[in-house]
Structures are given as C-alpha cells and as structure tokens.
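Asks: Listed in order, the protein sequences are those of chains A and B. So for the first sequence, our numbering puts the first residue at 40; every next one is plus one. So for the second sequence, our numbering puts the first residue at 51; every next one is plus one. We treat Cβ as the ideally placed atom computed from N, Cα and C, and that holds for glycine.
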Amino acid sequence: MNSIITGHSIRFILLVLFQVILFNHVNFLGYINPYVYIIFILFFPIKNNRILFIFLSFLIGLTVDMLSDSGGIHAAASVFIAYARPVFLKFAFGTMYEHNNVKFNNTEFGARLVYISLLTLLHLTILFSLEIFSFSRILIVFQKTLFSGIFTILMITLLSIIFSRKS
Amino acid sequence: MQQIINFIIRNKNFLLFLLLFGIALVFTIQSHSYHKSKFINSANFLSGGVYNSINNVSAYFDLKSQNQKLSEENSRLNQLLTNQQIDTSHIAVDSTLKLKYKYLSANVIRNSYNLSNNFLLINKGLNDSIKQDFGVRSPLGIVGIVDAVSGNYATVISILNTKSKISAQLKKTNHFGSLTWNGISPNIIQLTDVEKIAPVKVGDTIITSGRSSIFPKGIPIGTVINSKLDASENFHEINVKLFNDMTNLEHVYIIENTDKKEIETLLESTNE
C-alpha cells in the first residue's frame, strides 16, 4: 500500500515538473504544446476512491496553474475530465468496465486510443476556452485544441506504450 | 435533516466536483481581471525557487547572444555619453539631486509568449523594494508591468497579454493611443485609439508616451508595419513590429517612478 502511494506521489511530482520545465516550452510552430501531465488522470487506478481521485486531479491542475501563471484553467479542466472519466471508460472499454476488470496494460490498443483521444480533446477544449475566454475568438480555440490535441495524444500514446508493463 | 445528509452522501462526488470546479473558475476569472491574480501566481517561494534553479542552468545556453545584446547597449550608451560632452570624471553625487526614475536590473527566470495572457517571472521582489505597477524594460524596448510580488520574486504582465494596456505614441508627433495585443503573433502588437488625423506612415517609430506614470517618455517600442481605420472610422488601428524579441529575454530593467505617489494623489483629488 505504501509503495503505491509513494509511486503515485513520485509520478505526480515528475509529471508536473516535466510539464512546466519541458513540455510548456516546446512551442512547435509557435503555439503547439503537449499537455502530458493528464496521463496522471487518464491512467489513475480505477478501483480507487473517487473522492480522492477528483481531489488529486484538482491538485495536479492547480500546481501546473501556479507554475505557469494561468489562473485556474488547468485545475478546472482536470477536475472536469476526472469527474467525467467513468462515462468515457464505459464508452471505450464497454463490458470490460462493467465487469470491473479494466487494467490499462491489458486493454486493446484501439480502445485505449479512443479513450485517450476523447478525454484529451475534452480537456483541451475546456482549457483553451477558459484561457481565451471570448466568443469572438472561438476559431483560435478550435485551432489550438485540434493541433495541441494531436500532439498530446501522440505523446501520451507513446508514453503509455513505453511505460506499460506487459504481464 | 436525515434526508439532507443522505442527499449529501449520495451525491458527494458530484458536490466535490462542483466545489472544486467552482474554485478553479473563480481563480480563472480572477486572473482575467487586471491585478487580481493574488493567490495563484508563480511569485512564491516554491515556484520561484524551482524556476530559479532551472534558470541557473539554462542561462548558460543563451550566454553568448545575451552578452552581445548587453555590449551593444553599452556601446550605444557610450556613444550617447561621449557625444553629449558630459565630463564623467567630475559628476557630483549629491543627495539633494532627486532622480525621477530609478532603474534596477533583474533577470528573467521564466518567460512565456505562446498563451493569450503571458506573464514573466523575475528574480527581484519586495526585498529589493519592487512593488506592483513598476515598469519593466529590456535594452531594446518595453517588456511589461510588475503584477504580483513576493519576497524575492515578482511576476510581470507581459505586453504580450490581452489584458495589458500601455499608453504609447508616435515618435514624430504627440498623437497617442493604447497598446494592446490580439494574441496572435509574439512579434506584432496593436496600437489602437490613435486619432484619425494623426499622420501615420509605414516605418514610423512608436515610443512610450509617459502619460501613465509607469514608464518614462521615449522608451522605444517598435515600428509601424501597417494601419487601418477601426470599425467606427474615427481611430487608427496600427500593427506595430516590436524592436524587442519577446521570445528571447534575459536581462531587464525595472523602472520606479519616484513621483508616482504624488501624481496619483493629485489625480485622485481632481477626480473627487
């Protein structure tokens, strides 16, 4: 039990640091950045306490916000996808989720890709609408969501393949 | 009562979600109004320390071009000094000689330019008597205005921030307007509300106007690349190309206007 908590804490800190030090400064083509820290929310163990999970998602978003001076946009988007996650789990993994035995390492690649893509796009849509905060510039919101989304999905899929433990 | 408690227990996830989402929205909205981002900003001990130690390493990669910039500024200042024939060997340092603008150098330890509301973090704070609303410039032009301040760090609202508004004017005439950013290119900034009769030509220089009691008059900003009339056809909307490369900042100067308090009290008394 203790090693699980330590593992998650280390993952939390590393993801935040990598996000603010490295990934926030990629600026591919001027504005495209991967938001990789949401891996923490995407692959948080499903059986765990949901209250704790929502709270931790808020905390990781707020930490990223604090380190990048962005108000509360990351916190809001993270809490939202954390709360909405069961819906997407059910959509992507179907019966496996209903029988309560989804283990991300053993799922099909296609289902996992759908799951990652949907949650990432939802996260980025909320993130950029809150960041830009104006209807007149909604095209920029979509543009940023689309391009950063593709980049983020690629990074997260790659990382999940590299770090998955095949049993 | 029992039912209320049952309701809370049944919906505890949703209520927690609402609470946290609400808090996040409050922080977001606060950060959208000028000078309100009090709680969530990077001018604190923890994030300041993190960025400072990162900057200690990353500053080395940029050393050559930053040195080049500083030596260019030195040569420009030397040229000014020698051409004005001031005898530098006998300048009397007198405590009665009051300086209107005090300059203090600082290093940028974090810079962002790809968001729509960009902030910088600098390594000077309250301990160096930095306060909110001090101006910040680089050797080449203006950078922004100090926002939140902690002991050793301060955040700066970059001119690349859709919420920032700085008074600026044409160099050759005194027609002024306010400098805003549309959030698209980090090299190009907009000067709006310049009177229609002002003679704006491509290539004209834009400088600060000194009307705001933050910046002294005459700090260079950029050159006009094109201009058109706005929707009401009364004002120019000018695209200005910055002299400053906002994506590559290291050494900046903080400007303190020592008369600021006096100006503000005077303005307040006339407004009443």
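(1) What separation, rounded to the nearest whole angstrom, lies between the Cα atoms of A:N63 and B:F77?
(2) Mind pulling the beta strand (DSSP E) runs of 3 or more residues that sit fully within the region 142-177 of chain B?
(3) I'd like to know whether the C-beta of B:A156 is nearer than 9 Å to at least one C-beta of chain A.
(4) Would DSSP call B:S262 helix, strand or coil?
(5) For the alpha helix (DSSP H) containing B:E122, name the first residue and the last one.
(6) Within a Cβ cutoff of 6 Å, which residues of the same chain sit near A:F167, ignoring the five residues on either side of it in sequence?
(7) So for B:A49, helix, strand or coil by DSSP?
(8) Counting along the chain, where does the alpha helix (DSSP H) carrying B:N237 start and finish?
(9) Between A:I171 and chain B, is there a C-beta pair that is closer than 9 Å?
(10) Is it right to say B:I304 is buried, meaning 16 or more other beta carbons lie within 10 angstroms of its own, or is it exposed?
(11) Residues in the same chain with beta-carbon distance under 8 Å from B:G253, minus the five sequence neighbours each way, listed in chain order, please.
(12) Can you give the Cα-Cα distance for A:I78 and B:L154, rounded to whole angstroms?
(13) If you run the structure through DSSP and keep just helix, strand and coil, what is B:N102?
(14) Secondary structure at B:A248, three-state DSSP: helix, strand or coil?
(15) Hey, could you find the ends of the beta strand (DSSP E) B:T297 is sitting in?
(16) Go ahead and label B:M51 buried or exposed: buried means 16 or more other beta carbons lie within 10 angstroms of its beta carbon, across all protein chains shown.
(17) Against chain C, does A:M194 count as a neighbour if the rule is that its beta carbon must be under 9 Å from one of theirs?
(18) So, is A:G133 buried or exposed, given that buried needs 16 or more other C-beta atoms within 10 angstroms?
(19) Report yes or no: is there a C-beta of chain B within less than 9 Å of the C-beta of A:A121?
(20) Would you mind giving the Cβ-Cβ distance between B:N218 and B:L241, rounded to the nearest angstrom? I have them listed as a contact below 8 Å.
(21) Report the rounded CA-to-CA distance for B:L220 versus A:L197, giving the unit in angstroms.
(22) Which first and last residues belong to the alpha helix (DSSP H) in which B:N63 is found?
(23) Could you tell me whether the Cβ atoms of B:N63 and A:Y122 are closer together than 9 Å?
(24) Quick one: grab the DSSP three-state call for A:L68.
(25) Comparing the C-beta of A:Y76 with each C-beta of chain B, is any distance below 9 Å?
(26) Is the CB of A:L106 under 9 Å away from at least one CB in chain B?
(27) For A:A115, count the other beta carbons within 10 Å of its own beta carbon; 16 or more makes it buried, fewer makes it exposed. Which is it?
(28) Which chain A residues are close to B:T205, counting only those with a beta carbon under 9 Å from its beta carbon?
(29) Do B:Y43 and A:N66 have their C-beta atoms within less than 9 Å of each other?
Replies: This is what the structure gives:
(1) 20 Å
(2) 151-161 and 167-172
(3) no
(4) coil
(5) L113 to N133
(6) V180, K183 and T184
(7) Past the boundaries of the shown model lies residue 49 of chain B; chain B is included only from 51 to 322, so the question cannot be answered.
(8) Looking at the DSSP string, B:N237 is not in any alpha helix (DSSP H), and its letter there is neither H nor E.
(9) yes
(10) buried
(11) T273 and V274
(12) 42 Å
(13) helix
(14) coil
(15) No beta strand (DSSP E) contains B:T297, which DSSP labels as neither H nor E.
(16) exposed
(17) Given the protein chain composition of this structure (A and B), no chain C is represented.
(18) exposed
(19) yes
(20) Contrary to the premise, residue 218 of chain B reads as Ala rather than Asn in this sequence. Right, the Cβ-Cβ distance comes to about 6 Å (below 8 Å), so this counts as a contact.
(21) 52 Å
(22) K62 to H82
(23) yes
(24) coil
(25) no
(26) yes
(27) buried
(28) D108
(29) Any property of residue 43 of chain B remains undetermined from this structure, which presents chain B solely from 51 to 322.
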